[in-house]
Amino acid sequence: MWRNEYQAKLTSVGEAVAKIKSNMRVVIGHACSEPAKLVEAMVQEKSNFKNVEIIHMVAMGKGEYTNPEMREHFRHNALFVGGSTRKAVNENRADYTPCFFYEIPRLFRDGSLDIDVAMIQVSEPDEHGFCSYGLSNDYTKPATENAKVVIAEVNKCMPRTFGDNFIHVSKIDAIVETNYPLIELPRPQLGDVEKKIGENCAKLVEDGSTLQLGIGAIPDAVLLSLKDKKDLGIHSEMFSDGVVDLYEAGVITNDKKSIHKGKMVVTFMMGTRRLYDFIDNNPSVELYPVDYVNNPMVIAKNNKMVSINSCIEVDMMGQVSSESIGLRQFSGTGGQVDYVRGSSMAEGGKSIIAMPSTAKGGKASRIVPVLKSGSAVTTSRNDVHYIVTEYGIADLRGKTLKDRAMALIKIAHPDFREDLLKSFEERFEK
Ligand code: COA
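Dropping the structure here:
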């Protein structure tokens, strides 16, 4: 029965994107699940559209809808700024909306961000007519559930992944069959600084902990330093190839998790084909919408929850700026605060912000007396717990402003400690 419906909904990319009309709001499937052929066709057909709002988070595709010549056709509203959309946001050709990742589905539901069209990419249907959301459930599934029109690429290369992670063919309005490799995120290069940071973070991870790891070199370095741990679990916004290594080595078992025992719980994934093959039809990995996975109350149910994220700057009070460099919006809040708060509330939980002590090739300290003018505070000084650099660990919770400042100076790069001490004296000892 669903097979007839599937056949009837099959269409060309051109016809599928013709369902978009001027002044509509379109949500694009997230990160490596971006439906590249549909986005490409929409951009090609730009002359048919005026003032179409494009919602996305980590844009891993080309982001051509933000090019200057697209101005009258598309306006991008970034809920997190990715590499391909950063320039447009900072040149005011696109917008950024501050938000916690876990709250995005609510914005779709409560009318703050009414959605006209969801353009997504899913796996081929199973024998019951259910397509899997594959790599990205996050806001993508909630977007389809709130959109007036759902357009889907059914890509043979999309892995079939489990959890609350399926859409039935009957819920899709137009289907385009595709067969091309998914966007991949190459494994990061690890330098000595990242390895040292990884080792310092690993000192805070006890056997039986459940981990959340962000994107990039530091999370990978942390994973590399966890080889001797036992019975780790994963409850994370995302994970990448590094987790597969530790799972196959028997370090990640998920056996000691207090919820979803035996399962890695995640809301989206980015990595190489190795990761995508690992998660395909693998019942040990489950995806749920971000308003479940990143909900601080859900995160807090994981005993010994450890979250590890990174930042741009930390001031001497422990205010963490992770998403902007002064007024320049670099990324977004994403799930950082969701996990900082969730892990702080968890029994035996710890939240770690890990970063190299310097930026700009050693020219700038990331530990500073005050944040750059205009920088957004991502994690507040009330929420912050551990700050880790290659020089050590600063435990800020329950410490006075003065004691925090000293703990942070101790893990700053030695080249900047003298200046930081001068600021310390001016502030606390005059
Ligand atoms: N002063 C000036 N520039 C700085 C700086 C500082 N203190 N710190 C970083 N920068 C610049 C770097 O030079 C680099 O610039 P470039 O792109 O021109 O080379 C840029 O900012 C990014 O810095 P880097 O530390 O290399 O970025 P990263 O890829 O390791 O990502 C964050 C770090 C903080 C941006 C990233 O983790 C993030 O977006 N976090 C917020 C969201 C989050 O935590 N989500 C968690 C769940 S996934």
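If you use our numbering, the sequence shown corresponds to residues 1245 to 1674, in order. Built from N, CA and C at the ideal position, the CB exists for glycine as well. All values reported here derive from a predicted model rather than from experimental measurement.
- Can you grab the Cα-Cα spacing for the pair Gln1365 / Glu1421, in whole Å? 10 Å
- Message: Considering only the alpha carbon of each residue, which of Gly1562, Gly1506 and Val1542 lies closest to Asn1526?
- Response: Checked all of Gly1562, Gly1506 and Val1542; the closest Cα to Asn1526 is Gly1506.
- Whole beta strand (DSSP E) elements within the segment 1517-1573, 3-residue minimum: 1529-1531, 1549-1553 and 1557-1559
- Query: Taking Cβ positions, are Val1534 and Pro1386 nearer each other than 9 Å?
  - Reply: Yes, these two residues count as a Cβ contact at 9 Å.
- Query: Just to confirm, does Phe1660 get its C-beta within under 8 Å of one of the non-hydrogen atoms of the ligand COA?
  - Reply: no
- Query: Mind pulling the beta strand (DSSP E) runs of 3 or more residues that sit fully within the segment 1328-1393?
  - Reply: 1338-1340, 1361-1366 and 1374-1376
- Run the proximity test for Phe1344: is its beta-carbon closer than 8 Å to any non-hydrogen atom belonging to the ligand COA? no
- Message: If you reduce the DSSP assignment to three classes, tell me which class Asp1475 lands in.
- Response: coil
- Tell me, please, which residues DSSP counts as bridged to Phe1318. Val1296
- Task: From the DSSP output, in three-state form, read off Ser1609 for me.
- Result: strand
- Task: Going by CA-CA distance only, name the one from His1504, Val1564, Glu1397 and Phe1522 that's closest to Ser1256.
- Result: Glu1397
- Task: Please classify Arg1585: is it buried, with 16 or more other beta-carbons within 10 angstroms of its beta-carbon, or exposed?
- Result: buried
- Task: Flag this pair as touching only if the segment 1541-1551 and the segment 1502-1519 have three or more C-beta atom pairs under 8 Å; answer yes or no.
- Result: yes
- Query: In terms of residues, what are the limits of the beta strand (DSSP E) holding Arg1269?
  - Reply: Arg1269 to Ile1272
- Query: From which residue to which residue does the alpha helix (DSSP H) around Ile1462 run?
  - Reply: Ala1461 to Leu1468
- Look at the alpha carbon of Ser1277 and the alpha carbon of Val1394, and state the distance between them as a whole number of angstroms. Straight-line Cα distance between these residues: approximately 15 Å.
- Flag this pair as yes or no: are the beta carbons of Ser1484 and Leu1434 separated by less than 9 Å? no
- Item | Close-in-space but distant-in-sequence residues of the same chain around Cys1555 (CB under 6 Å, 5 per side omitted) | Val1564, Ser1566, Ile1597 and Met1599
- Simplified DSSP state of Thr1633, which is helix, strand or coil: strand
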